[in-house]
Amino acid sequence: MPMPSIQPLGALENSNEFIARHIGITPADQAQMLAIVGANSQRELIDDIVPKSIARSSPMQIPAPVTEAAALRQLRAIAGKNQVFKSFIGQGYYGTFTPGVILRNILENPAWYTAYTPYQAEISQGRLEALLNFQTMVCDLTGMPIANASMLDEATAAAEAMTLAKRSVKSKSNVFLIAGDCHPQTIEVIQTRAKPLGITVKVSTAVATLPYLMAQGDYFGVLAQYPATTGSIHDLRPLAGQAHADGAALCVAADLLALTLLEPPGHWDADIVLGSSQRFGMPMGNGGPHAAFLACREEFKRSLPGRLVGVSIDSHGNPALRLALQTREQHIRREKATSNICTAQVLPAVIASMYALYHGPEGLKRIAERVATYTAIFVLGLKQLGYTISNTGAFDSVTVKTGEASKAIAERARLSGCNLRFRLKHHLGVSLDETTSRSDIELLWSFFALDGQSLPVVSAFEDGVETLIPKELRRSSAFLSHPVFNSHHSETAMLRYIRKLSDKDLALDRSMIPLGSCTMKLNATSEMLAVTWPAFANIHPFAPASQLRGYAELDQQLRDWLCEATGYAGISLQPNAGSQGEYAGLLVIRAWLEANGQAQRNICLIPSSAHGTNPASAQMAGMTVVVTACDKQGNVDMADLKAKCEAHSEKLACMMITYPSTHGVFETEVKQLCELVHSHGGRVYVDGANMNALIGLAAPGEFGGDVSHLNLHKTFCIPHGGGGPGVGPVCVVDDLVPYLPGHATAGLPGKSIGAISAAPLGNAAVLPISWMYCRMMGPDGLKQASEVAILSANYISVRLKDHYPTLYASSNGRVAHECILDLRPLKDSSGVTAEDVAKRLMDYGFHAPTLSFPVPGTLMIEPTESENLAEIDRFIEAMISIRQEIRKIENGAWPQDNNPLKYAPHTAASLLGEQWARPYSREIAAFPLAELKQTKYWPTVGRVDNVWGDRNLFCSCIPVANYA
Numbered sequence: 036m037p038m039p040s041i042q043p044l045g046a047l048e049n050s051n052e053f054i055a056r057h058i059g060i061t062p063a064d065q066a067q068m069l070a071i072v073g074a075n076s077q078r079e080l081i082d083d084i085v086p087k088s089i090a091r092s093s094p095m096q097i098p099a100p101v102t103e104a105a106a107l108r109q110l111r112a113i114a115g116k117n118q119v120f121k122s123f124i125g126q127g128y129y130g131t132f133t134p135g136v137i138l139r140n141i142l143e144n145p146a147w148y149t150a151y152t153p154y155q156a157e158i159s160q161g162r163l164e165a166l167l168n169f170q171t172m173v174c175d176l177t178g179m180p181i182a183n184a185s186m187l188d189e190a191t192a193a194a195e196a197m198t199l200a201k202r203s204v205k206s207k208s209n210v211f212l213i214a215g216d217c218h219p220q221t222i223e224v225i226q227t228r229a230k231p232l233g234i235t236v237k238v239s240t241a242v243a244t245l246p247y248l249m250a251q252g253d254y255f256g257v258l259a260q261y262p263a264t265t266g267s268i269h270d271l272r273p274l275a276g277q278a279h280a281d282g283a284a285l286c287v288a289a290d291l292l293a294l295t296l297l298e299p300p301g302h303w304d305a306d307i308v309l310g311s312s313q314r315f316g317m318p319m320g321n322g323g324p325h326a327a328f329l330a331c332r333e334e335f336k337r338s339l340p341g342r343l344v345g346v347s348i349d350s351h352g353n354p355a356l357r358l359a360l361q362t363r364e365q366h367i368r369r370e371k372a373t374s375n376i377c378t379a380q381v382l383p384a385v386i387a388s389m390y391a392l393y394h395g396p397e398g399l400k401r402i403a404e405r406v407a408t409y410t411a412i413f414v415l416g417l418k419q420l421g422y423t424i425s426n427t428g429a430f431d432s433v434t435v436k437t438g439e440a441s442k443a444i445a446e447r448a449r450l451s452g453c454n455l456r457f458r459l460k461h462h463l464g465v466s467l468d469e470t471t472s473r474s475d476i477e478l479l480w481s482f483f484a485l486d487g488q489s490l491p492v493v494s495a496f497e498d499g500v501e502t503l504i505p506k507e508l509r510r511s512s513a514f515l516s517h518p519v520f521n522s523h524h525s526e527t528a529m530l531r532y533i534r535k536l537s538d539k540d541l542a543l544d545r546s547m548i549p550l551g552s553c554t555m556k557l558n559a560t561s562e563m564l565a566v567t568w569p570a571f572a573n574i575h576p577f578a579p580a581s582q583l584r585g586y587a588e589l590d591q592q593l594r595d596w597l598c599e600a601t602g603y604a605g606i607s608l609q610p611n612a613g614s615q616g617e618y619a620g621l622l623v624i625r626a627w628l629e630a631n632g633q634a635q636r637n638i639c640l641i642p643s644s645a646h647g648t649n650p651a652s653a654q655m656a657g658m659t660v661v662v663t664a665c666d667k668q669g670n671v672d673m674a675d676l677k678a679k680c681e682a683h684s685e686k687l688a689c690m691m692i693t694y695p696s697t698h699g700v701f702e703t704e705v706k707q708l709c710e711l712v713h714s715h716g717g718r719v720y721v722d723g724a725n726m727n728a729l730i731g732l733a734a735p736g737e738f739g740g741d742v743s744h745l746n747l748h749k750t751f752c753i754p755h756g757g758g759g760p761g762v763g764p765v766c767v768v769d770d771l772v773p774y775l776p777g778h779a780t781a782g783l784p785g786k787s788i789g790a791i792s793a794a795p796l797g798n799a800a801v802l803p804i805s806w807m808y809c810r811m812m813g814p815d816g817l818k819q820a821s822e823v824a825i826l827s828a829n830y831i832s833v834r835l836k837d838h839y840p841t842l843y844a845s846s847n848g849r850v851a852h853e854c855i856l857d858l859r860p861l862k863d864s865s866g867v868t869a870e871d872v873a874k875r876l877m878d879y880g881f882h883a884p885t886l887s888f889p890v891p892g893t894l895m896i897e898p899t900e901s902e903n904l905a906e907i908d909r910f911i912e913a914m915i916s917i918r919q920e921i922r923k924i925e926n927g928a929w930p931q932d933n934n935p936l937k938y939a940p941h942t943a944a945s946l947l948g949e950q951w952a953r954p955y956s957r958e959i960a961a962f963p964l965a966e967l968k969q970t971k972y973w974p975t976v977g978r979v980d981n982v983w984g985d986r987n988l989f990c991s992c993i994p995v996a997n998y999a
């Protein structure tokens, strides 16, 4: 019997095992697929598709892959370099307890984190209900009539509030006022966002001095914090009346937990209320991801940025949820957009809403009262120690006058594993939270008890104490009275509710999601594990750098690897969405132009095929958008581009392109395009949305790009989370590196464009996911992923060409990593639209491909490298079966207005009724393919009526009787 071969230990550690698990196509599958697409080898196929002029000249210098276990060991060693201190810093970030039932069944559950944005409402009812709960929670706690489905972070929500105020009020001023005791990171982000829009930001020293600025009358909006960053609770009611008298808006940055005890801003006529829901169960995570919120008065609702979940009815007249006012999603408005927000923080918003459901109104109030009581007790002890408190009232935070003792006190805290906040020169800030205990209060006193002082003796621990919330600002109104917030307090009830909602949705854990441009690939469990490790999760973003060495190493390594993958010289991971990376990149170009005496350059050329966020971001960056034409093959029309470059040569700032193109094709003249724009003094922005076709094959920084953003929630495996969180790094060539985002609040100033996100590392807690992906794939695995993604897309295009023609392809008939199927001819032959096909796919158990983008009446399909051949073939069979159904309509067997496509999707309830007045059987409706009898996914609602939902706009939980 032969002896088994013995491999060196190093070879086992550097195994390619994970690559085979991530990439669904086996070598045998590849051979079969290559034969069908007409290529002799993978190399031949790639050479046919990727232009030789842009092919990489050298491999990526990324470490060789290691096994999952080895990668996790290495990541744990990095995490161990972080120091998890007890944080009393506050400043918008607090310790919180994530209920275990929510942690395991939502945050760690692929049924929730692998779902896509709920654009297809019928298969997204679970997430939509959770988001409707979030909106209701925000409306109830803020006292406002309408709230959106979450924002990226509190600081960007404040910036969006500023621009919402600008377009909604009577005042024609360009001045925005901010109370100086707002969170400093919020002020910084607003200043970054205001500059390119020509808005002047004036900051008072504090709320007390804000009326002096308002007295000048020249402003359109004002922002104050409630409670302030100092901990004070100011009476902001007089500000509302003055702002309205001046034709301006009052914006309030509020704390949701504090609002369970404080009179809500909506009750004293605030116009816009914003903030973060982080302390509702989402760990600090070095700054994110966290769901911010934005609520406004009724008159502003049709200008509210971001997503809005609304109540509508389905084709059977039953209640159904959908994204309301979808046509006003900002990226659809292109250069007329007032915001580039096209995403949200869905997963963190779901967690926040579930936290509110789990605790209910009484539970939330109990948590808040405990925090406020401990704060009052802490202050009693400080006064016994002889300290003076600067606060006017307090909920959870106090500012202590410490004089020359500040550093000594802070150092004593540090040596005990605690962080306090330095405030001004001779003050320290202390913030308490849900996790604060009696022993924490006593430990804090020990830091302040200098020169042998005894610790305070406070009977209030046993006897109680009145909180420091001003009596005139204490809340008297009820909140969260809807039954949904009062029915799930036991873990059993909560578990079943979470399961009930997830069963309504179709996520990546059930089937392939073939969305073009969205890259719904495997989010491996080993990549996800570190997100909830305490060494990554329980870190305050403004903790001292010495405590963040693990994050610093993670940041540096990931940036180095991404530079290798893209060919760029420098990268910032701060932008917390692709749209924010895009915006940051354009600001970098503007800053470089200004520094080089070319501030007059403000023209941004954008092809007509571009992603809608491109013109939206350009508009926000203060640029003027000029659209360039595309030819019949979907490529940039080089003759028109040349003419536009010449016409705007003196003012040309940049051109934005997506590569491969939005039409799913590698344009052969991209290098000449870059050279042309450069010859007229402009820079080239390469949108990285389609980087999954480029990694290891071509690098934008090498073929002429100056700036790109990446979508780590696409190409680098951070899951979409039902529509967020995301990470959108901005990448630049060497001479633009000094202008990358900084963060003065975190001590990172310089030449930079300023802060783009509230936290210096953006959505830092999800960065380990992309680190793990790169570490386990290595350079060859990343390249192979691109190659297989391209092969799979071409395989689908060829297999379906006799049923649905591919709209755009290269001269040799090839596509990139996605293909656009042209369904427009079907409208004339059968009355069937692309939307009908999308809805019918739900009956087959599939999420629809990207519908009517970038061309109306089409479906854009991206299989990714993670899907195996059996699943791809199952999708192809479904599409062919649907085409056969359409032929029955074309030949008259089924009427154009009464067929399975027009009535799709079919719910179980609709099939069980006594009457069935359809020319097709119930079996064809439910089980168009035999295999579905074993694997059927049932949509819970029929086709949602979008028009009804917009005409009858309900965006919070209401009694079912009021739906229709």
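Residue numbers 36 to 999, in the working numbering, belong to the letters of the sequence shown in order. Where a beta carbon is used, it is the ideal one built from N, C-alpha and C, also for glycine.
What residue range is occupied by the uninterrupted alpha helix (DSSP H) comprising residue i?
i, result
"Q35", "This structure gives no information on residue 35, because the portion of the chain shown stretches from 36 to 999."
"I307", "Here I307 belongs to no alpha helix (DSSP H); instead the beta strand (DSSP E) covers 307-311."
"I58", "Note, I58: premise wrong, no alpha helix (DSSP H); not H, not E."
"F328", "Here F328 belongs to no alpha helix (DSSP H); instead the beta strand (DSSP E) covers 327-331."
"K818", "802-835"
"L358", "It is not in any alpha helix (DSSP H) - L358 instead sits in the beta strand (DSSP E) that spans 354-358."
How far does the beta strand (DSSP E) with residue i in it reach, from first residue to last?
i, result
"C286", "284-289"
"Y261", "256-261"
"S93", "Counting along the chain, S93 falls outside any beta strand (DSSP E), and DSSP gives it neither H nor E."
"C639", "638-642"
"M691", "687-693"
"V346", "344-348"
"G605", "605-607"
Taking residue i as the reference, give the member of the options with the closest Cα.
i, options, result
"F457", "S441, L490, H218", "S441"
"L564", "L802, A820, P891", "L802"
"S525", "A913, M389, A241", "M389"
"V671", "M691, R531, T659, P642", "P642"
"T697", "L621, L550, G763", "L550"
"D815", "G731, L745, Q609", "G731"
"L946", "D82, K937, E958, R405", "E958"
"D590", "N321, L343, S511, I855", "N321"
"T750", "E912, L817, A106, H778", "L817"
"N426", "V566, R636, H269, P940", "H269"
"V493", "T437, T423, V414, L485", "V414"
"I825", "I504, V850, L842", "V850"
"T191", "V236, F328, F910", "F328"
Please look up how many angstroms separate the CB atoms of residue i and residue j, rounded, as I've assumed it's under 8 Å.
i, j, result
"G310", "A289", "5 Å"
"E681", "T648", "Wrong, their Cβ atoms sit about 27 Å apart, outside the cutoff."
"K556", "C854", "No, K556 and C854 are not in contact; Cβ-Cβ is about 17 Å, not under 8 Å."
Can you list the alpha helix (DSSP H) stretches of 4 or more residues lying completely in the region 717-768, in chain order?
The qualifying runs are 735-738.
Within 8 Å, do at least three Cβ pairs link the region 377-394 to the region 146-163?
Inter-segment contact for the region 146-163 and the region 377-394 is present: three or more beta-carbon pairs are separated by less than 8 Å.
Sequence ranges, alpha helix (DSSP H) only - wholly within the region 467-520, length at least 4:
Counting whole runs of 4 or more residues, the region 467-520 contains the alpha helix (DSSP H) stretches 473-483, 495-498.
Pairs of beta-carbons, one from the region 805-823 and one from the region 766-774, closer than 8 Å: are there three or more?
Inter-segment contact for the region 805-823 and the region 766-774 is absent: fewer than three beta-carbon pairs are separated by less than 8 Å.
Stretch-stretch touch, CB-based, cutoff 8 Å, three pairs: the region 876-884 with the region 962-973:
Judged by Cβ distances under 8 Å, the region 876-884 makes contact with the region 962-973, as three or more pairs qualify.
Length-filtered (3 minimum) beta strand (DSSP E) runs lying within the region 876-925
Uninterrupted beta strand (DSSP E) stretches at least 3 residues long and entirely within the region 876-925 occur at 893-896, given in chain order.
May I have a chain-ordered list of the beta strand (DSSP E) segments no shorter than 3 residues that lie completely inside the region 181-227?
Whole beta strand (DSSP E) segments, 3+ residues: 210-213.
Closer than 8 Å is the cut-off here; do at least three beta carbon pairs connect the region 219-232 with the region 336-348?
Three or more beta-carbon pairs separated by less than 8 Å are not found between the region 219-232 and the region 336-348, which leaves the two stretches without contact.
Do the region 629-638 and the region 684-692 make contact, defined as three or more Cβ pairs closer than 8 Å?
With a cut-off of 8 Å, the region 684-692 and the region 629-638 count as touching, because enough Cβ pairs lie within range.
Completely contained alpha helix (DSSP H) runs for the region 96-160, where each covers 4 or more residues
Listed in chain order, they are 103-114, 145-148.
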